[in-house]
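Everything below concerns the one structure shown next.
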Amino acid sequence: MGYIIGIDHGNKAIKSIVNQYNSGFTVSNTMPITKERLLVFEGKYYSISGERFPVMVDKTVNDNFFILSLPAIAEVLEKKYQGVKKGEIILACGLPIMYYGKQKDKFREYFIRDDVSFTFGGKQYGVSIKDAYVYPQGYAAIMPHFTHYKDVSRLNVVDIGGYTIDVFTVEKGLLNIKSCISLTTGIVTLLNSIKQEILSLGIEIHEEQIEDTILGENISFFQNENIKALIEDKTQIYVEELLDRLKEYGFEMKINPTIFVGGGSLLLQKHIENSPKIGYVEVLDSFANVKGFELLAKQAISRDR
Amino acid sequence: MDEIKRLNLSFNLQRKNDRIAYNIIRSKRQKTAYIIKAVLAYEGVTQEERELIRIKRAFREVIKEMKLTADKHCDFAEESQIPDEVFQIFDSI
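From first to last, the protein sequence lines stand for chains U and R.
Add 18 to the 1-based position in the first sequence for this note's numbering, that's all there is to it.
Add 1349 to the 1-based position in the second sequence for this note's numbering, that's all there is to it.
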């Protein structure tokens, strides 16, 4: 059996069990000055992180997400598998639930490759990706907690990603596929709308600054503290509108527990928990999907044996 | 000159440990820098060790108070918690 490596390929961030980084890189044909988080693959140099790429609905249309997976593979081999440099890999990954049926086979095939050689962080790796198990995001995230939820008659799951927000109900631990909806108003739309509004004041702001402000970190904007209020207001409205829309779609959140997953949920945690529109709420950590992917893949492999 | 302090050390060369330490220090060129490094390294390690012992003792007390025992035969397999129906759902989508 190969090394099982879970990777959550978000439009905003790539997450593994040991790290996360923005879904973006800059590529060059010559060695860049900074070697930090430098990936060398097929004769090109990729500086990982920095600005994320624009949102991609089908992540298999180019090699970007394959390349973005390589640092995650290196980091998991290094930290979880005690510095292994060579071997066979089984990827465990996921897709938004609405694209799952259509894209799962294509997504699986996209990753399967033999003899992948690359260097990351100055260390040389040689791996063969023998298989990729693909699961629906959000639902996978609650799998490590399956015993907690298997007796709950109806549970709402809201997965706030960069591009999409996927919502569905889980009844006694089982996904009700008919309940699934997907909204294309993920966290990127909030960040973009804040950026645009601030740009209209003649000020350019970075996503990280907006995120830090939403998270309540103590950052200051020189002579422009009202930017903070603007960000807070826009975020509050975004959350309230989202909860209203979910109610319209028939998701009862006053009497049924609601589990929020995805990086967007963590960012909005304070606003979600403080909303009077919602009863019992749990926000799972940003690695919940990855943990679920790995658990499911492990179980699937042991069943196949 | 108030910032600079001197310490006079006396070594009894009849004692083995004193003799070894004296000979080591005497052989060093930058004696003050060497002593500083040696003292800090020694204190750092022992402080960590003391902390570890204190934490271990506290854990032992908590475990004892709660009457917890280790079940070495417990086979906690996460895999067994997820039923077939879940995997059937993945196939059906």
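Where is the CB? At the ideal position from N, CA and C, for every residue including glycine.
Where do the ends of the alpha helix (DSSP H) carrying residue i lie?
i, result
"U:Phe125", "Ile115 to Phe129"
"U:Asn47", "First-last for U:Asn47: undefined, no H or E at that position."
"U:His166", "Phe164 to Tyr167"
"U:Thr388", "Given a span of 19 to 323 for chain U in the structure shown, any question on residue 388 of chain U remains unanswerable."
"U:Phe278", "Premise fails: U:Phe278 lies in the beta strand (DSSP E), Thr276 to Val279, not in any alpha helix (DSSP H)."
"R:Val1435", "Asp1433 to Ser1441"
"R:Lys1365", "Lys1365 to Ser1376"
Alpha carbons only, please: which of the options is nearest the one belonging to residue i?
i, options, result
"U:Tyr151", "U:Val301, U:Ala92, U:Phe125 and U:Pro72", "U:Phe125"
"U:Ile245", "U:Ile216, U:Asn40 and U:Phe59", "U:Ile216"
"U:Tyr298", "U:Lys196, U:Gly282 and U:Ile273", "U:Ile273"
"U:Gly54", "U:Tyr64, U:Glu60 and U:Asn47", "Residue 54 of chain U is actually Glu in this sequence, not Gly. U:Glu54 has its Cα closest to that of U:Tyr64, out of U:Tyr64, U:Glu60 and U:Asn47."
"R:Asn1357", "R:Thr1381, R:Arg1409 and R:Ile1404", "R:Thr1381"
"U:Phe278", "U:Phe305, U:Lys252, U:Glu266 and U:Phe83", "U:Phe305"
"U:Glu93", "U:Phe59, U:Ile85, U:Ser34 and U:Pro72", "U:Ser34"
"U:Ala110", "U:Ser320, U:Leu313 and U:Asp322", "U:Leu313"
"U:Leu248", "U:Lys295, U:Ser211 and U:Pro50", "U:Ser211"
"U:Phe138", "U:Gln121, U:Thr203 and U:Gly101", "U:Gly101"
"U:Ser283", "U:Met271, U:Gly234, U:Val176 and U:Gly68", "U:Val176"
"U:Glu127", "U:Gly140, U:Ile178, U:Lys148 and U:Ser41", "U:Lys148"
"R:Gln1430", "U:Ile232, U:Glu235, U:His27 and U:Phe164", "U:Phe164"
"U:Tyr167", "U:Asn29, U:Gly191 and U:Glu259", "U:Gly191"
"U:Phe129", "U:Gln254, U:Leu260, U:Glu96 and U:Gly24", "U:Gly24"
"U:Ala90", "U:Gly234, U:Tyr39 and U:Ile199", "U:Tyr39"
"U:Gly42", "U:Pro50, U:Ser200 and U:Glu69", "U:Glu69"
"U:Ala31", "U:Val45, U:Tyr267, U:Met74 and U:Pro50", "U:Met74"
"U:Thr48", "U:Met271, U:Leu57, U:Ile205 and U:Lys62", "U:Lys62"
"U:Ile290", "U:Phe311, U:Ile195 and U:Ile232", "U:Ile232"
"U:Gly310", "U:Thr276, U:Ile51, U:Gln155 and U:Val79", "U:Gln155"
"U:Ile66", "U:Ser87, U:Thr78, U:Lys77 and U:Asp76", "U:Ser87"
Where does residue i fall in DSSP's three states?
i, result
"R:Gly1393", "helix"
"U:Ile35", "coil"
"U:Asn80", "coil"
"U:His289", "helix"
"U:Ser320", "helix"
"U:Glu235", "coil"
"U:Asn174", "strand"
"U:Gly180", "coil"
"R:His1422", "Unreliable placement is indicated for R:His1422, whose pLDDT of 49 sits below 50; the coordinate value is still reported in the next sentence. Correct three-state label for R:His1422: coil."
"U:Asp133", "strand"
"R:Glu1428", "Because R:Glu1428 carries a pLDDT of 47, less than 50, the predicted location of this residue cannot be relied on, and the following value inherits that uncertainty. Three-state DSSP puts R:Glu1428 in a helix."
"R:Ser1359", "coil"
"U:Val58", "strand"
"U:Glu300", "strand"
"U:Glu229", "helix"
"R:Gln1379", "coil"
"U:Glu69", "coil"
"U:Lys1", "Past the edges of chain U, shown from 19 to 323, lies residue 1 of chain U, and the structure says nothing about it."
"U:Ile223", "coil"
"R:Ile1353", "coil"
"U:Leu314", "helix"
"U:Tyr359", "Examination of residue 359 of chain U is not possible in this model, given that chain U is present from 19 through 323 alone."
"R:Phe1408", "helix"
"U:Leu88", "helix"
"U:Lys98", "coil"
"U:Gly282", "helix"
Span of the beta strand (DSSP E) holding residue i?
i, result
"U:Tyr39", "Gln38 to Asn40"
"U:Ser65", "Lys62 to Ile66"
"U:Ile23", "Tyr21 to His27"
In the DSSP output, which residue or residues are listed as bridge partners for residue i?
i, result
"U:Tyr157", "The partner list for U:Tyr157 (beta bridge, DSSP) is empty, contrary to what the question assumes."
"U:Ile245", "Partner(s): none; U:Ile245 has no beta bridge."
"U:Asn194", "U:Thr187"
"U:Ala150", "U:Leu109"
"R:Ile1402", "Paired residue(s): none; R:Ile1402 is not in a bridge."
"U:Ile199", "U:Val185"
"U:Gln142", "U:Thr137"
"U:Lys104", "U:Gly144"
So which residues of chain B does residue i contact, with C-beta pairs closer than 7 Å?
i, result
"R:Gln1430", "Judged by its chain identifiers, the structure shown contains no chain B, and its protein chains are U and R."
Is it the case that the CB of residue i approaches a heavy atom of the ligand ZN more closely than 6 Å?
i, result
"U:Val145", "You won't find the ligand ZN in this model; it holds no ligand whatsoever."
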